[in-house]
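*Asks:*
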Amino acid sequence: MKDKKIKIPKMKKVKKNMRKKITLQSLLDWNNTKISRKYLFVFLFTAVLFLIAGGVVFLQLTKGQKDVQAIDQYSSRVNDMADMAALIQTKDVQIADYLLTKKSRFVDSFEEYQAQFDELKEKIEPSLTTDEQREIFNKIVENDAKVNEMFYGEISDAVNNNQEYMAMSIRAQSSELRSYTIELVTELMDIVKKDQKKVVLQSKSSLQAGITTLSVVNIAAIILGVILLLLVSKRISISLTKVVDMTKEVANGNLRVHSIDYKGKDEIGQLADAVNQMKDNIQGILYKVASAANTLSKRSEQLTQSAVEVREGNEQIASTMEELSSGSENQANSATDLAERMNSFVQKVHHSEEDGLEIAGTSNNVLSLTNEGQVLMKSSVVQMEQIDTIVSEAVERVQGLDKQSLEISKLVSVIKDIADQTNLLSLNAAIEAARAGEHGKGFAVVAEEVRKLSDQVSASVGEITTIVNSIQNETGHVVNSLNKGYTEVKEGTAQIEETGRNFASIHNSVSEMVTKIETISKNLRNIADNTNDMNNLIEDIAAISEESAAGVEQAAASAQQTSSSMEEVSMSAAELEKLAEQLNNELKVFKL
Numbered sequence: 204m205k206d207k208k209i210k211i212p213k214m215k216k217v218k219k220n221m222r223k224k225i226t227l228q229s230l231l232d233w234n235n236t237k238i239s240r241k242y243l244f245v246f247l248f249t250a251v252l253f254l255i256a257g258g259v260v261f262l263q264l265t266k267g268q269k270d271v272q273a274i275d276q277y278s279s280r281v282n283d284m285a286d287m288a289a290l291i292q293t294k295d296v297q298i299a300d301y302l303l304t305k306k307s308r309f310v311d312s313f314e315e316y317q318a319q320f321d322e323l324k325e326k327i328e329p330s331l332t333t334d335e336q337r338e339i340f341n342k343i344v345e346n347d348a349k350v351n352e353m354f355y356g357e358i359s360d361a362v363n364n365n366q367e368y369m370a371m372s373i374r375a376q377s378s379e380l381r382s383y384t385i386e387l388v389t390e391l392m393d394i395v396k397k398d399q400k401k402v403v404l405q406s407k408s409s410l411q412a413g414i415t416t417l418s419v420v421n422i423a424a425i426i427l428g429v430i431l432l433l434l435v436s437k438r439i440s441i442s443l444t445k446v447v448d449m450t451k452e453v454a455n456g457n458l459r460v461h462s463i464d465y466k467g468k469d470e471i472g473q474l475a476d477a478v479n480q481m482k483d484n485i486q487g488i489l490y491k492v493a494s495a496a497n498t499l500s501k502r503s504e505q506l507t508q509s510a511v512e513v514r515e516g517n518e519q520i521a522s523t524m525e526e527l528s529s530g531s532e533n534q535a536n537s538a539t540d541l542a543e544r545m546n547s548f549v550q551k552v553h554h555s556e557e558d559g560l561e562i563a564g565t566s567n568n569v570l571s572l573t574n575e576g577q578v579l580m581k582s583s584v585v586q587m588e589q590i591d592t593i594v595s596e597a598v599e600r601v602q603g604l605d606k607q608s609l610e611i612s613k614l615v616s617v618i619k620d621i622a623d624q625t626n627l628l629s630l631n632a633a634i635e636a637a638r639a640g641e642h643g644k645g646f647a648v649v650a651e652e653v654r655k656l657s658d659q660v661s662a663s664v665g666e667i668t669t670i671v672n673s674i675q676n677e678t679g680h681v682v683n684s685l686n687k688g689y690t691e692v693k694e695g696t697a698q699i700e701e702t703g704r705n706f707a708s709i710h711n712s713v714s715e716m717v718t719k720i721e722t723i724s725k726n727l728r729n730i731a732d733n734t735n736d737m738n739n740l741i742e743d744i745a746a747i748s749e750e751s752a753a754g755v756e757q758a759a760a761s762a763q764q765t766s767s768s769m770e771e772v773s774m775s776a777a778e779l780e781k782l783a784e785q786l787n788n789e790l791k792v793f794k795l
């Protein structure tokens with residue numbers, strides 16, 4: 204394969220893109236718009252639709268809020284009209300009460316209710332919206348004024364002049380006028396309630412229309428958003444499929460595949476440019492690799508031939524040096540063997556000397572320990588005798604405590620008998636006091652107190668008995684434990700005395716052993732000094748023989764090493780030639 208100079212295109216540097224405003228022009232230039240902005244456009248479009256739906260619903264809700272306020276106003280008007288009817292009725296009652304009682308306080312009450320009526324009139328009149336409502340309301344006001352004229356004029360004059368018949372006649376007229384006025388108020392309330400119902404129906408209709416509009420707009424927004432999302436995803440998927448198909452062809456070795464033609468600078472366009480550039484780079488690299496493989500194959504053949512010639516010359520040199528090395532090795536081996544044996548003997552002597560010194564030191568330690576043990580054993584014997592005395596005294600004192608607790612038990616028994624007799628006497632005294640009647644009440648109280656005291660004494664004696672019994676039981680256990688401990692102390696004292704005698708015997712034996720070990724150590728030291736001189740002479744002979752053998756062996760080893768190295772070079776060159784052929788075969792897979 205001929206060498207070809209192929210210009211490998213350089214990888215484009217990826218620059219960081221600054222954030223820019225999304226304009227209408229960038230959205231229309233679809234292929235140059237980033238994928239994130241494409242999806243952002245879909246999101247914004249859907250969001251705008253939802254905002255439109257929200258605006259429509261907001262308008263509907265605003266209208267509904269106004270309707271609710273209107274309903275509240277209608278309800279307030281109806282309540283005020285009901286209060287007005289109640290005031291008309293109350294004023295009529297005040298007129299009747301004034302006619303019956305002729306008291307001035309009912310006139311004052313009438314004036315208070317009239318003031319409340321005037322406040323309601325001022326409040327209701329501006330809220331009337333139709334001529335019919337205003338006409339009825341004016342009649343109500345006129346009738347109220349007539350009633351006021353009757354009350355302050357004709358009725359008051361008739362009452363002041365004691366004209367009861369005339370006053371009752373005028374009262375009947377005012378009562379009829381009151382009934383007619385209340386009917387007018389009721390009629391006005393019915394008209395307002397009808398208007399209120401109309402507003403409620405309109406509010407329900409507006410709310411239903413808002414819900415329907417919101418549902419339709421939301422469904423439309425979702426459908427359009429999904430359609431836009433599918434269209435964007437499909438275009439992106441088609442472009443990515445082209446890139447994937449090209450990478451598969453390159454992976455299969457087809458470098459003759461046409462480059463991707465994508466007109467755009469979005470992420471897919473950048474990916475397509477990168478894949479095209481990767482294909483061109485791989486193609487250029489493979490051309491260079493093929494050229495290098497051919498050159499390598501030729502050079503490896505020449506290297507193999509040179510390595511064979513050098514290996515043959517080294518084999519002849521190695522054969523001669525092996526013969527020279529054989530004689531030197533025999534002499535060196537003999538001297539070395541003798542030197543090793545003397546070294547081994549010297550080491551054993553030194554080890555024996557060191558072991559003797561260690562044993563001497565250890566035996567001295569054992570001797571000092573036996574001395575300390577003997578002193579401690581004597582001290583232990585003295586302490587065991589003191590413990591024996593202390594335990595004996597403790598046994599005697601606890602036994603005395605046991606006897607004293609028995610005496611306490613006897614005293615407690617006597618106290619219990621006295622308490623029982625006292626209880627019996629108090630019972631008899633109570634019986635006698637009962638027989639004496641009124642004269643024996645004081646005595647009965649004393650007898651009852653004595654009986655209670657005897658009961659308390661009996662209870663206390665029972666507790667003391669329980670405690671004393673417990674003390675006696677524990678004292679018995681303590682006596683048994685102390686007796687056992689006293690027996691063990693006796694046996695321990697005897698054993699410690701026997702151990703002390705054994706320590707004295709060990710001390711004598713160790714002293715004799717230390718003396719003998721020191722004698723052996725001195726003899727070993729003399730042997731070691733004599734063998735060191737002999738070993739130095741043998742080592743000099745061995746060193747000279749080893750140097751001669753080492754020089755010959757080193758020359759032979761160098762020749763053998765050179766021969767083996769050239770053999771490895773030859774094998775490596777052959778292997779390199781095979782690899783070059785294998786590389787050429789692998790390159791045939793690619794269509795360049």
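Here my numbering is used: the first residue of the sequence shown is 204, the next is one more, and so on.
Where a beta carbon is used, it is the ideal one built from N, C-alpha and C, also for glycine.
Between Ala783 and Leu499, which are expected to be in contact by the criterion C-beta below 8 Å, what is the C-beta distance as a whole number of angstroms?
*Replies:* Rounded, the Cβ-Cβ distance is 5 Å, consistent with contact.
*Asks:* Since Lys606 and Val664 should fall inside the 8 Å C-beta cutoff, what is the C-beta to C-beta distance between them, to a whole number of angstroms?
*Replies:* Their Cβ separation, rounded to whole angstroms, is 21 Å, which puts Lys606 and Val664 out of contact at 8 Å.
*Asks:* Inspect the beta-carbon positions of Ala632 and Ala647 and report whether they are closer than 9 Å.
*Replies:* Yes; because the gap between Cβ atoms is below 9 Å, this pair is in contact.
*Asks:* If you check the beta carbons only, do Val435 and Val251 fall under 9 Å apart?
*Replies:* The answer is no: Cβ separation not under 9 Å.
*Asks:* In angstroms with no decimal places, state the Cα-to-Cα distance between Ser382 and Val259.
*Replies:* The straight-line gap from Cα to Cα measures roughly 51 Å.
*Asks:* By how many angstroms is the C-alpha of Phe261 removed from the C-alpha of Glu314?
*Replies:* Roughly 50 Å between the two C-alpha positions.
*Asks:* Grab the span of the alpha helix (DSSP H) containing Ser440 for me, first residue to last.
*Replies:* Per DSSP, Ser440 belongs to the alpha helix (DSSP H) from 367-454.
*Asks:* At the level of alpha carbons, what is the spacing between Glu357 and Ile373?
*Replies:* The alpha-carbon atoms of Glu357 and Ile373 are separated by roughly 7 Å.
*Asks:* Using only the alpha-carbon positions, how far apart do Ala412 and Ser278 sit?
*Replies:* Cα to Cα, Ala412 sits roughly 25 Å from Ser278.
*Asks:* Tell me which residues share the same chain as Asn479 and place their Cβ nearer than 7 Å to its Cβ, disregarding the 5 neighbours each side in the sequence.
*Replies:* Contacts found: Ser462, Ile463.
*Asks:* Please report how far the alpha carbon of Val310 lies from the alpha carbon of Lys396, in whole angstroms.
*Replies:* So the alpha carbons of these two residues sit roughly 35 Å apart.
*Asks:* By the 10 Å Cβ neighbour count, where 16 or more other Cβ atoms means buried, how is Tyr881 classified, buried or exposed?
*Replies:* No answer is possible for residue 881: the residues shown for the chain start at 204 and end at 795.
*Asks:* Please state whether DSSP places Asn787 in a helix, a strand or coil.
*Replies:* Three-state DSSP puts Asn787 in a helix.
*Asks:* Could you please give the first and the last residue of the uninterrupted alpha helix (DSSP H) stretch that includes Asn363?
*Replies:* 359-363 is the span of the alpha helix (DSSP H), which, as asked, contains Asn363.
*Asks:* Tell me whether the segment 403-412 and the segment 349-356 touch, counting them as touching only if at least three CB pairs, one residue from each stretch, are closer than 8 Å.
*Replies:* The segment 403-412, when compared against the segment 349-356, does not touch it at the 8 Å Cβ threshold.
*Asks:* Do we get a CB-CB distance below 9 Å when we pair Lys619 with the residues of chain D?
*Replies:* Note that chain D does not occur in the displayed structure, where there is just one protein chain.
*Asks:* Just mark Ala285 as buried or exposed, buried being the case when its beta carbon has 16 or more other beta carbons within 10 Å.
*Replies:* Flag for Ala285 reads exposed.
*Asks:* Are Ile430 and Ile238 close, meaning C-beta to C-beta below 9 Å?
*Replies:* Cβ atoms of Ile430 and Ile238: not closer than 9 Å.
*Asks:* Is it buried or exposed for Lys294, if we count other Cβ within 10 angstroms and need 16 for buried?
*Replies:* Result: buried.
*Asks:* Between the segment 287-303 and the segment 319-328, are three or more C-beta pairs nearer than 8 Å?
*Replies:* At 8 Å Cβ cutoff, the stretches touch.
*Asks:* Can you say whether Ile441 is buried or exposed, counting buried as having 16 or more other CB atoms within 10 angstroms of its CB?
*Replies:* Burial call: exposed.
*Asks:* Given Ala423, which residues of its chain have a CB within under 8 Å of its CB, disregarding the five upstream and five downstream residues?
*Replies:* Contacts found: Leu252.
*Asks:* With 16 other CB atoms within 10 Å as the buried threshold, where does Gly576 fall?
*Replies:* By the 10 Å Cβ count, Gly576 comes out buried.
*Asks:* Could you tell me if Ser684 is buried or exposed, where buried requires 16 or more neighbouring beta carbons within 10 angstroms of its beta carbon?
*Replies:* Label assigned to Ser684: exposed.
*Asks:* Output the distance between the C-alpha atoms of Asn705 and Glu666, rounded to the nearest integer angstrom.
*Replies:* Rounded to whole angstroms, Asn705 to Glu666 spans 58 Å at the Cα level.
*Asks:* Mind checking which residues open and close the alpha helix (DSSP H) that includes Phe340?
*Replies:* Note, Phe340: alpha helix (DSSP H), 334-352.
*Asks:* Let me know the secondary structure DSSP gives Ser307 once reduced to three states.
*Replies:* In the structure shown, Ser307 sits in coil (DSSP, three-state: anything other than H, G, I, E or B).
*Asks:* State buried or exposed for Ser571, treating a residue as buried only when at least 16 other CB atoms are found within 10 Å of its CB.
*Replies:* The residue in question, Ser571, is exposed, as its Cβ has fewer than 16 Cβ neighbours within 10 Å.
*Asks:* Express the C-alpha separation of Gln366 and Ser377 in angstroms, rounding to a whole number.
*Replies:* Cα to Cα, the separation comes out at about 17 Å.
*Asks:* With a CB to CB cut of under 7 Å and the five nearest residues on each side skipped, what residues in its chain are close to Leu370?
*Replies:* In the sequence as displayed, the identity of residue 370 is Ala instead of Leu. Hits under 7 Å: Leu302, Ile358, Ala361, Val362.
*Asks:* Given a cut-off of 9 Å on the beta-carbon distance, is the pair Val447 and Ile255 in contact?
*Replies:* No, Cβ-Cβ distance for Val447 and Ile255 is not below 9 Å.
*Asks:* May I ask you to report which of helix, strand or coil DSSP gives Ile463?
*Replies:* Ile463 falls in the coil class under three-state DSSP.
*Asks:* Reducing DSSP to helix, strand and coil, say where Lys468 ends up.
*Replies:* Here Lys468 sits in coil by DSSP.
*Asks:* Which class does Thr668 belong to by DSSP, given the choice of helix, strand or coil?
*Replies:* If DSSP states are grouped into helix, strand and coil, Thr668 belongs with the helices.
*Asks:* Check Thr236 in the structure and name its three-state DSSP category.
*Replies:* In the structure shown, Thr236 sits in coil (DSSP, three-state: anything other than H, G, I, E or B).
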